[in-house]
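Take the first sequence: its letter number 71 is residue 70 in numbering that gives the first Met the number 0, and every next letter is one higher.
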Amino acid sequence: MLLHLPLSPFRRAAAEAVAAALGVDAVGLAVSTPPDPALGDFAVGCFSASRTLRAAPAALASRVAATFSPGPLLESAAAAGPYVNFRARRAALYADLFARTLTPGGTLVPAAPGAGQTVCIDYSSPNIAKPLSYHHIRSTVIGHALANLHRALGFRVVGINHLGDWGTTFGMILAAFARWGVPEPLTIGGMAERYVAFRKAAETDTSCGDDGRAWFKRLEDGDETARALWRRMREISLTEFDEVYARLGVVFDEVRGESAYEADMPVVLADLERKGLTSISDGALVVDLADCNMPPCLLRKADGATLYATRDLAAAVYRQEQYGFTRSLYVTDSGQALHFAQLKVVLERAGHEWAKRITHVPFGLVRLGGKKTGARTGNVVLLLDVLGEAEAQIDATVARTNPDLTPERRREVARDVGVGAIIFANLQSQREKDVDFELEKVLSFDGDAGPYLQYAHARARSVLRRSGVTDVAALASSADAARLARDEEWQLALKLDAIGDEAARAAESCEPHIVAHYLLELCAAYSRWYALGSQDATLRVLCADDATRAARLALDAAFGATLAGGLAMLGMRAPEEM
RNA sequence: GCGCCCGUAGCUCAGCUGGAUAGAGCAUCGGACUUCGAAUCCGCAGGUCGGGCGUUCGAAUCGCCCCGGGCGCACCA
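Rendered as structure tokens:
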């Protein structure tokens, strides 16, 4: 893993202070938070330095503290065992926060890390002719969050929806159409029905397999009947998919199916053959990977038809040639780990040094009632149904808690919050954990959940609206940080300051849950501060003292803007009211 | 059989580039709204970090071996 300096200027100053005092490299010094705020704002452990300098960590920490001289960002350093605990200059940190968040286009997430880099992210990538089901949401939402995250950090992002629009599956559906006719008007539901029926028939009727393969061959060979039907299926599917994507607020930079690589595949195969990497095994063209302790990678079936791996190979080359990526991510379920491992090895053997920049970003599967989901078994929940249910429940809640909203506005809010809750639920924990879908659980909106974050945002914005302040940028310069004397205010400020480093960590490890978890903590810090006002009116943002009110409003606005940016990184909306 | 992933409080999960007393939410119990939004906040209680051995000054975190669950492993994607 790459190590770099913290993005927060204050955290960076802490790392550099230790590095300067001890004569070690600041890169790699982890800046953490002391377990008790009374100890300090930032902590740097002297463990790694102790190994290189062959001295006791505690002695090194004392040396750092003794030689520390206050600067514009940090005011003190104290040794506590092996740690050096730093205190930031509060006025400086507040001023920095306000300057970076309250100006138009301001953000605490710097665009430097990704400068000059391009990342391709393959996400969602459903098969056409099957409805988008709940399990599709994982790739869609994780990939979209990773795209937003990288974009926020300054990367050029190419979000790719690599549609599964090619393969024997379509041969089977075409064969089913030939046997039983095309259900009109044709919908995804109709296609899927034929597919399931065909699979079922194939269990007893052995001619089905050959029939399906033959139809796919016809499709590949350009047979016009097959092509026309296939084009129709593709168009109808895309139209239905777009409805769901619009609902989720998910966008792509490139929608390019497997079929787009039809012409490239012979070229890729010829290249591999020329390089002597392929062999024929049982009539199929394969790359033997036994020396890597992997099963062979199948590139062409005995009947001449291409496979998944062939198309992904061609797509990988296309992406490198088209975009020159510095990183290429594939967000798919963990069951495909072997496929991507094979893909990388084959590309490497073909002499593509960029193959090592390809990363599979796996996630655990979604179970339904304890069983694996799948169109083949019919064990699915439609994504639209889940979204609709979430929105209906939120709509009912809003009708109760905020009866002044117009029905139209309420529906908007229900959409933002309902969809947000589903998105957040899918980003909250580590990708690789399997999840068992339970509607009641996904729709429980108390505590650590999407609505908690959006509620905090609505509150922060509501306070700002009531204040009558229209020029937040002016708050940045007029706010007197000395008026922010509460510990709760300071803890909130420290949390805000950390967002850049959290976002960078999330992007680097491809773990959006790092940001999700961070935002929960950020909102908890805000809610704790906000709640002081319900006991004591002088502690409210909108208190009687003008100068104090201005300072608190600046903090409130900084929070609102940062949270909105954080939610946007996860692909969630930040409603003004709810 | 081989390979990969997961196993932390009753439940769902953070914490895992080794480090300061293992943290949240839900559920239970007890508090806090006549005034900035209670979809909130505060508190009580709850843990042999699946088990064992090892490395280390120090292991939930690293290594090895078990146990439990899941997923892959030739013409599906």
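Note that the Cβ used here is the ideal one computed from N, Cα and C, for glycine as well.
Count the other CB atoms within 10 Å of the CB of residue 429; is the residue buried (16 or more) or exposed (fewer)?
Taking a 10 Å sphere around the C-beta of residue 429, we find fewer than 16 other C-beta atoms and assign the residue as exposed.
To which residues does DSSP link residue 357 through a beta bridge?
According to DSSP, residue pairing for residue 357 in a beta bridge involves 327.
Can you give the beta carbon distance from residue 228 to residue 154, rounded, assuming they're within the 8 Å contact cut?
40 Å between Cβ atoms; not a contact.
Which whole-angstrom value describes the C-beta separation of residue 149 and residue 506, a residue pair presumed to lie in contact below a C-beta threshold of 8 Å?
Contact flag correct, Cβ pair sits at about 5 Å.
Quick check: what's the CA-CA separation for residue 480 versus residue 468?
The alpha-carbon atoms of residue 480 and residue 468 are separated by roughly 18 Å.
What first and last residue would you give for the alpha helix (DSSP H) that runs through residue 597?
Outside the shown range of the chain (0 to 577) lies residue 597, about which nothing can therefore be said.
If I follow the unbroken alpha helix (DSSP H) through residue 121, where does it start and stop?
That residue, residue 121, is in no alpha helix (DSSP H); its beta strand (DSSP E) goes 117-121.
For residue 348, which of 359, 572, 272 has the nearest alpha-carbon?
Taking each of 359, 572, 272 in turn and checking the Cα distance to residue 348, the smallest one comes out for 272.
Cβ-Cβ distance between residue 207 and residue 200 below 8 Å:
The criterion of a C-beta distance shorter than 8 Å is satisfied by residue 207 and residue 200.
State whether the region 352-361 contacts the region 319-329, with contact taken as three or more CB pairs (one from each stretch) at a distance under 8 Å.
Touching, per the Cβ criterion.
With C-beta atoms as the reference, is residue 500 less than 8 Å away from residue 92?
A distance of 8 Å or more separates the beta carbons of residue 500 and residue 92.
Give a yes or no on whether the C-beta atoms belonging to residue 578 and residue 541 are separated by under 8 Å.
What the structure shows of the chain is the stretch from 0 to 577, and residue 578 is not part of that stretch, so it cannot be assessed.
So what's residue 559 in DSSP terms, helix, strand or just coil?
DSSP places residue 559 in the helix class (H, G or I) of the three-state scheme.
For residue 402, is the classification buried or exposed, using 16 other Cβ atoms within 10 angstroms of its Cβ as the cut-off for buried?
With a 10 Å radius around the Cβ and a threshold of 16 neighbouring Cβ atoms, residue 402 comes out exposed.
May I have the straight-line CA-CA distance separating residue 465 from residue 524, to the nearest angstrom?
Approximately 22 Å, taken between the alpha carbons.
Could you compute how far the alpha carbon of residue 329 sits from the alpha carbon of residue 38?
The straight-line gap from Cα to Cα measures roughly 43 Å.
From residue 133 to residue 449, what does the alpha carbon distance come to, in whole angstroms?
Taking the straight line joining both Cα atoms gives about 18 Å.
Between residue 471 and residue 101, what straight-line distance do the alpha-carbon atoms span, to the nearest angstrom?
Those two C-alpha atoms are separated by around 6 Å.
State the beta-bridge partners of residue 253 as determined by DSSP.
Residue 253 pairs with 159.
Exposure of residue 112, with buried meaning 16 or more beta-carbon neighbours within 10 Å
Residue 112 comes out buried.
Apart from the five residues just before and just after residue 436, which ones in its own chain have a Cβ nearer than 7 Å to its Cβ?
These residues qualify, in order along the chain: 133, 365, 366, 367, 380.
So, is residue 141 buried or exposed, given that buried needs 16 or more other C-beta atoms within 10 angstroms?
Counting other Cβ atoms within 10 Å of its Cβ, residue 141 reaches 16 or more and is therefore classed as buried.
Residue 23 and residue 60 closer than 8 Å at C-beta
No; because the gap between Cβ atoms is not below 8 Å, this pair is not in contact.
Does the separation of the CB atoms of residue 236 and residue 128 fall below 8 Å?
It is a contact, given that the beta carbons lie within the stated cut-off.
When you measure from the CB of residue 503 to every non-hydrogen atom of the ligand FMN, does any distance come out below 7 Å?
Questions concerning the ligand FMN fall outside what the structure shown contains, since it holds no ligand whatsoever.
Quick check on residue 285: does DSSP put it in helix, strand or coil?
The answer is strand: DSSP assigns residue 285 an E or B state.
Given a cut-off of 8 Å on the beta-carbon distance, is the pair residue 504 and residue 513 in contact?
A distance below 8 Å separates the beta carbons of residue 504 and residue 513.
Can you list, in chain order, the residues of its chain with a C-beta nearer than 6 Å to that of residue 197? Leave out the 5 residues immediately preceding and following it.
Excluding positions up to five away in sequence, the list reads 171, 175.
Using three-state DSSP, classify residue 296 as helix, strand or coil.
It is a strand residue.
Compute the Euclidean distance between the alpha carbons of residue 223 and residue 162, then round it to the nearest angstrom.
Whole-angstrom Cα-Cα distance: 21 Å.
Beta-carbon proximity list for residue 146, same chain, < 6 Å, skipping 5 on both sides:
In chain order, 120, 156, 158 place their CB closer than 6 Å to the CB of residue 146, counting only its own chain and leaving out the 5 sequence neighbours on each side.
For residue 431, name the three-state secondary structure that DSSP assigns.
The answer is coil: DSSP assigns residue 431 none of H, G, I, E or B.
Which whole-angstrom value describes the C-beta separation of residue 494 and residue 510, a residue pair presumed to lie in contact below a C-beta threshold of 8 Å?
Incorrect: roughly 19 Å between the Cβ atoms, too far for contact.
Residue 590 - containing beta strand (DSSP E), residue span:
Nothing in the structure corresponds to residue 590, since the chain is present only between 0 and 577.
Classify residue 399 as buried or exposed, calling it buried when 16 or more other Cβ atoms lie within 10 Å of its own Cβ.
Residue 399 counts as exposed, since fewer than 16 other beta carbons sit within 10 angstroms of its beta carbon.
Per DSSP, the bridge partner or partners of residue 82:
According to DSSP, residue 82 bridges with 44, 79.
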